[in-house]
Amino acid sequence: MSSLASPLMVLFLAVVGFHLRKTRLRTHLDTLGKINIYFFLTVVLSNSFYRKGIGISDALISVSYIFFATVSLAILIPLLRGLDPPTRASIISSSLFPNAVNLAFPVLQATRGDYSYASVYAVTAIVFQSIVVPFLGGTGNALSYSLRGLTPVLGIPLGLLLRELGINSYLSFTFALLSDIGILMFSFVAGLSIPVGNKWVIDKRIALIGTWRILVSPAMHLAPFLLLLMLGYPLNHEALAQTLVEAVMPPALVNISYAIVLKFNVELSISSVVVLTPLGAVAGAILGLSL
């Protein structure tokens with residue numbers, strides 16, 4: 145683990161961000177989020193794939209998320225048919241799309257000292273979200289909004305290209321340093337992004353989202369790994385551990401942005417983030433330390 149992105153620093157910056165929520169800095173949250181997504185996430189992905197390459201376990205991680213998301217859609221869409229479309233869309237987006245970067249990466253860095261496999265998970269979730277969310281909202285403007293979020297995916301071929309070509313120790317150190325700074329930025333923004341005020345609710349809709357994120361999600365993600373194990377294939381323990389930590393992460397902050405753009409139930413989307421972020425963070429930390 146890098147001394148810069150140590151568990152103490154990760155936790156410290158999350159707390160600092162949380163306590164700065166009521167300052168003017170929060171008005172720049174959108175800008176900070178864009179810096180994280182368009183720059184730091186791209187660097188983190190490049191660094192991860194430069195150092196570890198790509199293998200069968202990466203494909204399995206992607207399959208596990210796609211399996212979870214696809215089956216969840218097949219279950220939730222008919223299950224929630226009786227609800228109004230904005231509420232149904234908010235429940236589905238909050239249940240399917242976790243805080244796979246800003247919260248998951250710092251939690252994994254703090255508990256396991258590595259998030260390389262989680263990078264694969266994050267890319268898969270981002271791509272899937274960008275494809276599915278516009279259909280939930282049914283608006284073409286949202287499609288272009290979503291496609292901008294695919295920029296970090298370019299970090300994968302860049303990292304693999306650098307791995308193939310080889311880079312000198314100075315550039316390697318720079319990549320690692322920027323990745324650590326990115327993790328700290330993710331942690332800071334995660335704390336800063338917790339909504340301020342009391343415009344949120346706790347009801348059976350939040351209970352459903354929470355159950356899906358913390359109980360149903362890890363069970364579904366585990367299924368493809370168990371299937372391969374039953375077929376006699378070796379199990380990559382670290383890949384499974386990081387996948388399960390990602391699986392219990394709370395709804396992503398970007399779900400609120402989508403809710404505003406697509407006219408979902410904004411109050412419900414905010415509530416799911418506020419209520420479930422502490423629960424998901426604790427659940428992820430427990431899994432990260434115990435697996």
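Using our numbering, the final residue of the sequence shown is 435, and nothing's skipped along the way. Just so it is clear, CB atoms sit at the ideal spot from N, CA and C, and this is done for glycine as well.
Residue closest to residue i, alpha-carbon to alpha-carbon, out of the options
i, options, result
"Pro230", "Thr421, Gly432, Asn399 and Leu423", "Asn399"
"Ala244", "Val251, Ser260 and Ala266", "Ala266"
"Gly365", "Ile210, Gly335 and Leu375", "Rather than Gly, the amino acid found at residue 365 in this sequence is His. Closest option to His365, Cα to Cα, is Ile210."
"Asp347", "Ser415, Leu176 and Ala158", "Ser415"
Own chain, CB closer than 8 Å to residue i, minus 5 neighbours either side, in chain order
i, result
"Thr186", "Thr295, Pro296, Leu298, Gly299 and Leu302"
Secondary structure of residue i, DSSP reduced to three states
i, result
"Pro151", "helix"
"Pro378", "coil"
"Pro394", "coil"
"Gly199", "coil"
"Gly226", "coil"
"Thr167", "coil"
"Asp347", "coil"
"Leu435", "coil"
"Ile325", "helix"
"Phe212", "helix"
"Phe408", "coil"
Close Cβ partners of residue i (< 7 Å) along its chain, the five nearest in sequence each way excluded
i, result
"Ala254", "Pro151, Val154 and Leu155"
"Glu390", "Pro242, Ala244, Ala248, Ala262 and Tyr265"
Other residues of its chain near residue i: CB distance less than 6 Å, five sequence neighbours each side excluded
i, result
"Ile221", "none"
"Phe193", "Ile300, Gly303 and Leu304"
"Met145", "Since pLDDT at Met145 reaches only 42, below the 50 mark, its modelled position is unreliable, and no value is offered."
"Gly354", "Leu420"
Inter-residue Cα distance where the pair is residue i and residue j
i, j, result
"Lys407", "Pro378", "45 Å"
"Pro250", "Ile179", "17 Å"
"Val392", "Ile430", "11 Å"
"Pro422", "Gly199", "33 Å"
"Tyr107", "Lys196", "A question about residue 107 goes unanswered here, because the residues of the chain that appear run from 145 up to 435."
"Leu240", "Thr268", "12 Å"
"Leu388", "Thr171", "33 Å"
"Gly161", "Ser434", "27 Å"
"Leu373", "Thr214", "22 Å"
"Ala396", "Asp228", "22 Å"
"Leu224", "Arg232", "6 Å"
"Ile275", "Leu148", "35 Å"
"Gly226", "Glu308", "53 Å"
"Phe330", "Gln386", "17 Å"
"Ala363", "Val426", "18 Å"
Contact test: residue i Cβ vs the ligand NAD heavy atom, cutoff 7 Å
i, result
"Ser237", "The ligand content of the structure shown is nil, which means the ligand NAD is not present either."
Practice task
Could you name each continuous beta strand (DSSP E) segment of 3 residues or more that falls completely within the stretch 230–318, going from the start of the chain to the end?
Solution key: none
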